[in-house]
Structure formats: C-alpha cells, structure tokens
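In this note's numbering, the protein residues as written are 54 to 459.
We treat Cβ as the ideally placed atom computed from N, Cα and C, and that holds for glycine.
These numbers were taken from a predicted model, which means no experiment stands behind them.
First up is the structure itself, then whatever we jot down about it.
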Ligand SMILES: [Zn+2]
C-alpha cells in the first residue's frame, strides 16, 4: 500500500503517545495512561492490548498501597523487547554500555585509547570487537540489539552516521553504518556529545518542574569546547542542536586552533589554549594533542597561589567563553546554561573572565546574564541523553514495524 490511511496514522500517533507517557512517568495503570495522554479509556485499551500482543508491553501487578484492596494492574515496557548499545568516544577512552528496552543498564566497560594514535583503522577494529564483547557478555544475540547510539566531540552528520570532524581523528571521517555488518541489524545513531548533555539537562530541569522552560544550553569544558542547545516547542516537543561553538571565530588574536584556523574560542579556552598562555608560548604554536588533567591541575594550583600568568590564562579562557555565550544569547534568547566537563574543576578561575565577557554585550546589559549552573557529572548526562534518544527511536520503530506488519 502506497499511502497510509488516516485511521492508521491516528493509531500510530496514539500508540506513540502511550509509549511516550510510559517513558516519561514509568509504568502506569490504565486510568493514568488515559489521564496523561488525553486518550479515551476505550482507545487506551485497544492500544495496550495491541502492544501486549506485539510483546512490547507487559502487565504487572502492583500491590495496592492500602492493606486491603486488590492489586492494581500497571503497564510497562517488556525489558527483552530489544536492546541498545551506547558508545562514548573520548580522546583517551571509549566507553561501551548495554541497556534493555526498559532503559535498565545491563553492562558497561571502558577501553583506553592511545590519544597519540589518530589513525581510524585501529579504532574501528577495536570498536567492532568491543560491541561483540558487549553482546557476548550479556548473552544477547546481535540481532536483538536494535540501536547503537554513538557520541563524539566534533562535527557529526546524523543523517548518514558519519563523523565529519573530530578532535580525535581530525578530518578523517568514520562511516559507522558501514562498520556493522550482519548479524548486526541495529540502527546507528551518531550524536555530538554535548548535544546529548543538553538533551539530558532539559529533561532533568523539566522533571524538576522548571517553570516556562523554553530552552537550555550545555557548555562542555575540556580539551575541546562543546555547546548544545535544547529547545522545547509549543507542544513541549524537544529539539536539540550542537552549533560549532568551540570553533566559532572569537577574536583576531592569532591563536592557532587545533582545527587549523586562528582565533577560535577553543584556541583560548580549550586545555591546550590555557596551557599555551600560562607558559607564555607563542600563540601560533601548534596545539598540544592532549593535556593530562594533572598538568592542568598544576597550572590551576599556581593560579590559585597568585601566579599571574597562570591566573591570566584562565581569565582569558573565561573571557572567550563569556564573549561566545553572549553571542549565543544575543542570537537565541536568554536561557539557563549548564557548565559541565573536566574543565568545571577550574570554574573558580574561569568565572570572573566569563562574567566579564558576558557583560560586554548589550543583550546581557539590558536583560541580565543567563543563569549559570555547574554540573560536573558529564558522563552521567551523556548516558542519560543516549538512553532517552535511543529509546524514543526504538519506540518509534516498534510502532512503524507493527503497522507495516499488519
Ligand atoms: Zn578551531
């Protein structure tokens, strides 16, 4: 059939509403599904029966809170309806996680990366082997893994699951979809890492009951600088982007960036930029590939002890970040900004420059600075973002597959 009938589309939309409400609120009783989705009781019955038959949902009995009364029937996802793997690529390690359809984490391990090794071949071979290991350790058939969700810093093309430019591999592209051959049949999702952080922050703030929340930005500080912006549309639908903030031209100061350009925000605010200024190395010196945290800690210690050049390096970094953020709020609107990543350890040293940079713009002088919070647990946020996006994709595919199968 070439066109879907409208009743079929309505049914798909209603099924999507039911699955989305279970993701949002956890397992629910029939009346609560009806309440949260606004669907009629009879419609909910038809949908839950269909999804049970398709082995997507299951009934569970929940003991009533009062000692008398019959147990309540609630609906939840069948945990074995499918699995998802997440892969977080960083400059010094790759983290692999496995979760079930209910969103429960089943396994996780990390493999160190040699950050001096910029060839893609050893990485892609280790990647395929690690995914095999992930499935084997939990005795899950590769065909049951429905989504592999990958994240990296840098520029990604989500449509083709290609890593376009990354701090790890530079301009060498990685085509993830081509790497996994049968028996894998998983859909590959590739996201910028800070996009996932922004996604997770928006969900956290929404859950915490933030009022009139329209947008949230996440700024990640470390070897590279990442930005994600999550926006809610009128219907409460979330859309998230990752503008190329770290490599946005900030100043014609001649500071050489890892991307080859000069004057990027990262060239001042990335770890190598701070190191370069602190040691008074000429700004056009080729950036260090990797700066160990211990090295940054030493510079920070010296700055806190009043060493002028070290203090100045962090202040300059903060200034570049603040100026960059002032442009973001001038272009979009004022929004809460969550700062994350290993660089949050030095927030005390960055803060003054950051506030100064923000205050230089008319937008901030007139409307005030955006509320800034520090959220150090970046890895947890990345995983939350991976899970929410991958599970939503699985829900969508489940509904489409079921309708096509009719
Ligand atoms: Zn750059």
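Please name the residue, chosen from the options, that lies closest to residue i on a Cα-to-Cα basis.
i           : options               : result
residue 287 : 344, 444, 131 and 266 : 266
residue 274 : 396, 448 and 313      : 396
residue 343 : 325, 331 and 355      : 325
residue 148 : 432, 455, 356 and 172 : 432
residue 308 : 339, 282, 283 and 281 : 339
residue 127 : 113, 137, 138 and 139 : 113
residue 277 : 150, 208, 77 and 402  : 208
residue 455 : 109, 250 and 60       : 109
residue 285 : 279, 351 and 258      : 258
residue 225 : 184, 312, 167 and 305 : 312
residue 146 : 179, 160, 159 and 116 : 179
residue 341 : 407, 186, 310 and 185 : 310
residue 355 : 391, 399, 251 and 228 : 399
residue 300 : 290, 190 and 315      : 315
residue 174 : 190, 232, 213 and 186 : 232
Quickly, what does DSSP pair residue i with across the bridge? List them, please.
i           : result
residue 130 : 110
residue 310 : Partner(s): none; residue 310 has no beta bridge.
residue 240 : 200
residue 205 : 245
residue 153 : 136
residue 215 : 210 and 228
residue 148 : 141 and 163
residue 285 : 291
residue 125 : 115
residue 393 : 273
residue 426 : 391
residue 91  : Answer by DSSP bridge pairing: none, since residue 91 is not bridged.
residue 316 : Answer is none; residue 316 lacks a bridge partner.
residue 223 : 219
residue 268 : 284
residue 465 : Since the first residue shown for the chain is 54 and the last is 459, residue 465 is missing from the structure and cannot be characterised.
residue 82  : 127
residue 436 : Residue 436 is not bridged to any residue.
residue 374 : None; residue 374 has no bridge partner.
residue 72  : Paired residue(s): none; residue 72 is not in a bridge.
residue 302 : 317
residue 187 : Residue 187 is not bridged to any residue.
One question on the structure: do residue i and residue j come within less than 8 Å of each other, judged by their Cβ atoms?
i           : j           : result
residue 70  : residue 92  : yes
residue 379 : residue 410 : yes
residue 220 : residue 144 : yes
residue 142 : residue 68  : no
residue 330 : residue 365 : yes
residue 271 : residue 281 : yes
residue 268 : residue 388 : yes
residue 255 : residue 283 : yes
residue 374 : residue 348 : no
residue 115 : residue 123 : no
residue 81  : residue 72  : no
residue 206 : residue 246 : yes
residue 150 : residue 169 : no
residue 353 : residue 384 : no
residue 382 : residue 416 : yes
residue 391 : residue 428 : yes
Looking at ligand 1, does it come within less than 7 Å of residue i, judged from the CB to the closest heavy atom?
i           : result
residue 168 : no
residue 295 : no
residue 300 : yes
residue 224 : no
residue 290 : no
residue 253 : no
residue 311 : yes
residue 82  : no
residue 373 : no
residue 61  : no
residue 105 : no
residue 320 : yes
residue 341 : no
residue 445 : no
residue 179 : no
residue 356 : no
residue 314 : yes
Should residue i be counted as a contact of ligand 2 given a C-beta to heavy atom distance under 7 Å?
i           : result
residue 370 : In terms of ligand content, the structure shown lacks ligand 2 and carries ligand 1 instead.
Report task. Would you check if the region 335–342 and the region 292–299 touch, i.e. whether three or more CB-CB distances between them fall below 8 Å? Result -> no
Query raised in the report: Does the region 195–212 come within contact of the region 238–248, defined as at least 3 CB pairs closer than 8 Å?
Result: yes
Requested in this report: Answer yes if the region 423–440 comes into contact with the region 78–86, meaning at least three C-beta pairs across the two stretches below 8 Å, and no otherwise.
Outcome: no
Query raised in the report: How about the region 123–133 and the region 150–158: do they share at least three Cβ pairs that are nearer than 8 Å?
Result: yes
**Report entry** Cβ pair count under 8 Å reaching 3, the region 367–386 against the region 417–431
**Finding:** They touch, by the three-pair rule.
Report task. Spell out a yes or no on whether the region 314–322 and the region 362–375 are touching, meaning 3 or more CB-CB pairs, one atom from each, closer than 8 Å. Result -> yes
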